[in-house]
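When the letters of the sequence shown are read in order and numbered with my numbering, they come out as residues 10 to 84.
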Amino acid sequence: MNLLMQTATEAAAKGSQFPLAFTLVYVVGFIAAVTIGSIAWYNSKRPAGWESKDRPDFVPEIEKEETPGVGEPKS
């Protein structure tokens with residue numbers, strides 16, 4: 010415990026050696042992953058017990074294609 014406190018005190022005195030940019034990338038990446046994962050989960054087939062639940066208003070509805078990626082591109 011003493012070593013941990015000593016290390017924390019030294020880090021606070023010197024300043025952090027881990028760049029702020031890396032921390033921001035991790036935080037933004039985590040938020041993006043949670044957001045994209047939530048949208049994908051809500052637009053997928055509902056798990057057992059969730060079939061009758063409504064989609065939240067803030068989640069966009071994505072229309073499914075019969076053959077995604079096949080045929081002429083839609084413009």
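Glycine included, every Cβ here is placed at the ideal spot set by N, Cα and C. Since this is a predicted model, take the numbers as computed values, not measurements.
Check: Cβ distance (whole Å) where residue 48 is taken to contact residue 68 below 8 Å; Outcome: 6 Å
Check: Test item: CB-CB of residue 40 and residue 52 under 7 Å; Outcome: no
Check: Host alpha helix (DSSP H) of residue 53 (start-end); Outcome: Where residue 53 is concerned, there is no enclosing alpha helix (DSSP H), given that its DSSP letter is neither H nor E.
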